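Under my numbering, read the sequence shown as residues 49 to 313, first letter to last. Positions of the beta carbon are idealized from the N, C-alpha and C atoms, including for glycine. Please read all numbers here as calculations on a predicted model, not as lab measurements.
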Amino acid sequence: MNDEHRIEANRKLWNTRVSLHLASKFYDVPGFLQGKSSLCGIEVDEIGPVTGKSLLHLQCHFGQDTLSWARLGANVTGVDFSPEAIAAAKSLADQASLKAEFVEADVLDLPHSLDGRFDIVFTSFGTIGWLPDLDRWAAGIRRALKPGGFFYMIDLHKTFLILDPETGGVKYDYFGKDGPDEEITGKTYADGLTHEALPEYWWNHTFESLFRALRNAGLNFEEFREYPFCVYELADTMDEIAPGRWVYRSLGGRIPYMYSIRARG
């Protein structure tokens, strides 16, 4: 099986998950439609005011974060490879009476119609592991930015992701292996909801490979930050130490749970 077939399998998985996520407590669409932001707050503080700025959201899923940026005044465009997600994003924008453009596309092959249009390119939480080629991804980011624009991402930290949520010990290899990890899954992270068993493929990218791809694309690093907490309760073994701040009970704030990057074109 080649990467094209793996991406197609992942697309089927994400198409399947859209309807489940729309109905989940995790995403709380009713709360969003009543005005609740789906952003965690850290990215809002670090990106700063967005009123009147053009923002491209990569791997936007059904557009909740994209539309949260629109509420803050950004002129937003969301991109996702799932046609079901893009259809849901357009519907959600209509329900929320928010203006947004949503484009069905693979972020490894961004349409050239997006070139040079954006002050900000944004991605967050659980995105790059679905991509086999960070060089193509980073090149697309650079193309989409206006001169002087910047890229921002926030995601779960590799240290956090290699740990066993039950024991707090190391379960996975940081450096991964050649090729993607394959798993048959019938459950989604949102409320543990179940669906038909489907294959998923996940590529393990080290910080070295991430930084190299961004640098090779011509992006200049301005900030790299790490956080001793997670903004999601991702395991029963986590405690909430402050509103919206979760840590492993056995480890507390002794490890990084998330990181963010800001790099300018």
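Shortest alpha-carbon distance to S308 belongs to which of G164, H243, Y275? Y275
Which residues in the same chain as H243 place their Cβ atom closer than 8 angstroms to its Cβ, once the five residues preceding and following it in sequence are excluded? T64, R65, L68, G234, K235, T236
What residue does the alpha helix (DSSP H) around L61 start on, and which one ends it? 51-70
Quick check: the Cα distance between V124 and D183, rounded to an integer number of angstroms? 24 angstroms
Bridge partners of P247, per DSSP? I232
Out of curiosity, what's the CA-to-CA distance linking L70 and P304? 30 angstroms
Beta-carbon of D226 versus every beta-carbon of chain D: anything under 9 angstroms? Among the protein chains of the structure shown there is no chain D, as only one such chain exists.
Cut-off 6 angstroms between Cβ atoms - residues of its own chain near T201, not counting five sequence neighbours on either side: Strictly speaking, residue 201 in this sequence is Met, with Thr absent from that position. Around M201: T171, I309.
Could you check where the alpha helix (DSSP H) with F277 kicks off and where it finishes? Per DSSP, F277 belongs to no alpha helix (DSSP H) and is neither H nor E.
Rounded straight-line distance, which links the Cα of V218 to that of D128: 32 angstroms
Take the Cβ of R54 as the centre, count every other Cβ of all protein chains shown within 10 Å, and call the residue buried at 16 or more, exposed below. buried
Give a yes or no on contact between the stretch 145-153 and the stretch 102-118, applying the rule of three or more CB pairs nearer than 8 angstroms. yes
Would you call E281 buried or exposed, if buried means 16 or more other Cβ atoms sit within 10 Å of its Cβ? exposed
With burial defined as no fewer than 16 other Cβ atoms inside 10 Å of the residue's Cβ, what is the status of D226: buried or exposed? exposed
Output needed for E270: all residues of its chain with C-beta closer than 8 angstroms, excluding positions within five of it in sequence on either side, in chain order. F198, R310, A311, R312
Hey, could you find the ends of the alpha helix (DSSP H) P195 is sitting in? Unbroken run through P195 is the beta strand (DSSP E), 193-204; no alpha helix (DSSP H).
From the DSSP output, in three-state form, read off A144 for me. helix
Which same chain residues, not among the five before or five after R190, have their C-beta less than 7 angstroms away from its C-beta? A265, G266, L267, G313
Pull up the distance between the alpha-carbon of A283 and that of Y222, whole angstroms please. 20 angstroms
One or two residues paired with E288 in a DSSP bridge: W294
DSSP state of A118 mapped onto helix, strand, coil: helix
Euclidean distance between Cα positions of E256 and E152: 30 angstroms
Mark S130 as exposed unless 16 or more other C-beta atoms lie within 10 angstroms of its C-beta, in which case mark it buried. buried
When DSSP labels each residue in this structure, what does D157 get in the three-state scheme? helix
Tell me D128's beta-bridge partners as DSSP assigns them. E152
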